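J.: Heads up: the protein sequence lines correspond to chains A and B, in order. Its first residue numbered 1, the first sequence is counted upward by one per residue in the numbering used here. Its first residue numbered 156, the second sequence is counted upward by one per residue in the numbering used here. One structure, pasted below without further comment.
Number of protein chains: 2
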Amino acid sequence: MVRIRKRKAVEAAVELPAELTQARRFSKTRSAQSGALLEDYVELIADLLSTGGEARPTDVARRLGVSHATAIKTISRLKREGLATGLPYRGVFLTQDGQKLAARVRARHRLVVDMLLALGVPAEAAEADAEGIEHYVSEATLKAFAQFLESRGQS
Amino acid sequence: MVRIRKRKAVEAAVELPAELTQARRFSKTRSAQSGALLEDYVELIADLLSTGGEARPTDVARRLGVSHATAIKTISRLKREGLATGLPYRGVFLTQDGQKLAARVRARHRLVVDMLLALGVPAEAAEADAEGIEHYVSEATLKAFAQFLESRGQS
DNA sequence: TGTGAACTGTAGCCATGGCTACACTTTTAC
DNA sequence: GTAAAAGTGTAGCCATGGCTACAGTTCACA
Chain A
1 MVRIRKRKAV EAAVELPAEL TQARRFSKTR SAQSGALLED YVELIADLLS TGGEARPTDV
61 ARRLGVSHAT AIKTISRLKR EGLATGLPYR GVFLTQDGQK LAARVRARHR LVVDMLLALG
121 VPAEAAEADA EGIEHYVSEA TLKAFAQFLE SRGQS
Chain B
156 MVRIRKRKAV EAAVELPAEL TQARRFSKTR SAQSGALLED YVELIADLLS TGGEARPTDV
216 ARRLGVSHAT AIKTISRLKR EGLATGLPYR GVFLTQDGQK LAARVRARHR LVVDMLLALG
276 VPAEAAEADA EGIEHYVSEA TLKAFAQFLE SRGQS
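Here it is, written out as structure tokens:
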């Protein structure tokens with residue numbers, strides 16, 4: 001009984017394109033996630049280095065609200081991926097690549113926050129939301145943000 | 156040699172508040188991520204149900220670009236969390252809660268896309284970016300978006 | 001100067017979200 | 001009405017990003 005389906009794939013060829021576009025978008029969004037964590041770490045390490053001259057795993061852990069073990073594990077991944085360096089017990093530093101990434105991430109973060117503020121989002125919410133949003137903003141969208149802010153005389 | 160640090164915690168009490176604020180923001184962002192996946196599934200299932208009358212794991216998998224096994228596993232999590240129902244081999248349906256969530260997610264998605272379009276982001280990028288952004292937009296920011304669009308006579 | 005506190009690092013556990021491989025239903029089509 | 005195709009479900013693997021527990025190192029200060 002309960003005969004719910006009548007599949008069979010005549011329209012498969014028709015449906016596919018849209019399906020694939022959506023699938024591609026989702027995959028891209030998913031894979032952006034692992035990058036997001038690294039970006040946060042790099043951004044924070046750059047901040048610690050520029051304000052205090054050093055970045056130690058425990059500081060990173062505290063600022064990100066994770067255990068020091070987690071911070072150390074992620075930092076070692078940063079090193080594996082060529083974004084950070086440093087000797088045991090001697091703090092963490094950024095490679096050239098790491099510094100470039102940090103600069104890019106910081107600029108993007110500021111742009112997103114400014115954008116939200118310009119739209120009237122309260123400061124606290126703007127900062128918090130930007131933390132999540134910034135990792136998913138494409139170049140095209142960044143450019144649009146910049147133009148919008150410029151046209152308003154802000155930024 | 157290499158005496159880099161002079162820790163010792165006199166300023167700990169002073170630094171803590173800002174540190175905690177940031178840590179809280181990060182944790183919130185992190186925990187938003189698990190919700191993001193469920194939201195995507197619920198939104199898609201709602202879409203499949205409304206357009207085709209049924210939602211089958213394989214369709215979900217194809218549209219999201221994951222294997223059918225992954226889709227089934229996630230759908231069973233949806234069921235565990237009270238968002239979906241359905242009998243084996245008989246398709247997936249949304250509970251009341253699932254439907255409410257789907258409606259909220261859909262409205263938010265539309266608002267984010269409209270917002271990006273209003274700012275001059277190209278349509279393709281707007282759709283793609285919204286997929287990632289939408290999960291991190293707070294109520295306050297949504298409200299700001301809505302007001303902005305209204306003030307421009309859009310939406 | 002040596003010792004305790006703080007920090008660093010390692011090991012091993014858990015859940016999530018992917019995957020492939022295999023087994024089992026259901027539906028289609030002959 | 002049955003065999004093949006399509007869909008569904010289960011098992012078991014992997015990497016990531018959390019955690020706690022424990023071991024090792026460095027530093028501050030008495």
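Ideal Cβ positions, reconstructed from N, Cα and C, are used throughout, including at glycine. This one's a predicted model, so the numbers in the text were calculated from it and none came from an experiment.
Taking only beta carbons into account, state which residues of the region 275-296 of chain B come closer than 8 angstroms to chain A, listed in chain order.
T.: So the close ones are GLY275, VAL276, PRO277, ALA280, ALA281, GLU282, ALA283, ASP284, GLU286, GLY287, ILE288, HIS290, TYR291, VAL292, SER293, ALA295, THR296.
J.: Can you give the Cα-Cα distance for LEU94/A and ALA125/A, rounded to whole angstroms?
T.: Computed Cα separation, rounded: 30 angstroms.
J.: Give the interface partners of THR240/B over in chain A, defined as CB-CB distance under 9 angstroms, in chain order.
T.: The premise fails here: THR240/B is roughly 14 angstroms from chain A at the closest Cβ pair, so nothing lies under 9 angstroms.
J.: Against chain B, with Cβ distances strictly below 8 angstroms, would ARG63/A count as a contact?
T.: For ARG63/A, the answer is yes, since a Cβ of chain B falls inside 8 angstroms of its Cβ.
J.: With 16 as the cutoff for other CB atoms within 10 Å, does LEU242/B come out buried or exposed?
T.: Per the 10 Å Cβ criterion, exposed.
J.: According to DSSP, which residues form a beta bridge with THR85/A?
T.: For THR85/A, which the question treats as bridged, DSSP gives the partners PHE93/A.
J.: Nearest by alpha-carbon distance to ALA84/A: which of LEU64/A, PHE148/A, GLU54/A, PRO122/A is it?
T.: Ranking the options by Cα distance to ALA84/A, first place goes to GLU54/A.
J.: Kindly examine the ligand ADP and report whether one of its heavy atoms sits closer than 7 angstroms to the Cβ of LYS73/A.
T.: Inclusion of the ligand ADP in the displayed structure is not the case, the ligand content being empty and no account of it being possible.
J.: How would you label ASP129/A, buried or exposed, when you count the other beta carbons within 10 angstroms and need 16 or more for buried?
T.: ASP129/A comes out buried.
J.: Which of helix, strand or coil does DSSP assign to GLY65/A?
T.: Coil at GLY65/A, not helix or strand.
J.: Here's the rule: buried if 16 or more other CB atoms are within 10 angstroms of the residue's CB, otherwise exposed. What is GLU286/B?
T.: That one is buried.
J.: Tell me which residues share the same chain as ILE133/A and place their Cβ nearer than 7 angstroms to its Cβ, disregarding the 5 neighbours each side in the sequence.
T.: If we look at ILE133/A and ignore the five residues flanking it on each side, its Cβ neighbours are VAL112.
J.: Find out if the Cβ-Cβ distance for the pair TYR196/B, ILE230/B is shorter than 8 angstroms.
T.: Yes. Within cutoff.
J.: Hey, could you find the ends of the alpha helix (DSSP H) GLU294/B is sitting in?
T.: That run of the alpha helix (DSSP H) goes 294-306.
J.: Show which residues of chain A have a CB atom less than 8 angstroms away from the CB atom of LYS195/B.
T.: According to the sequence provided, residue 195/B is Asp. The question's Lys does not apply to it. Those within 8 angstroms of ASP195/B in chain A are PHE26.
J.: Look up ALA173/B in the DSSP assignment and say whether it is helix, strand or coil.
T.: Reduced to three states, the DSSP call for ALA173/B is helix.
J.: By how many angstroms is the C-alpha of GLN96/A removed from the C-alpha of HIS290/B?
T.: Approximately 32 angstroms, taken between the alpha carbons.
J.: In chain B, what lies closer than 8 angstroms to PHE145/A by C-beta?
T.: Those within 8 angstroms of PHE145/A in chain B are LEU274.
J.: Locate the alpha helix (DSSP H) running through GLU282/B, then write down its first and last residues.
T.: Segment 278-288, the alpha helix (DSSP H) holding GLU282/B.
J.: Can you find a C-beta in chain B that's less than 8 angstroms from the C-beta of THR74/A?
T.: No, no contact with chain B.
J.: Could you tell me which of ASP59/A, LEU37/A, GLY120/A sits nearest to GLU174/B, measuring between CA atoms?
T.: GLU174/B has its Cα closest to that of ASP59/A, out of ASP59/A, LEU37/A, GLY120/A.
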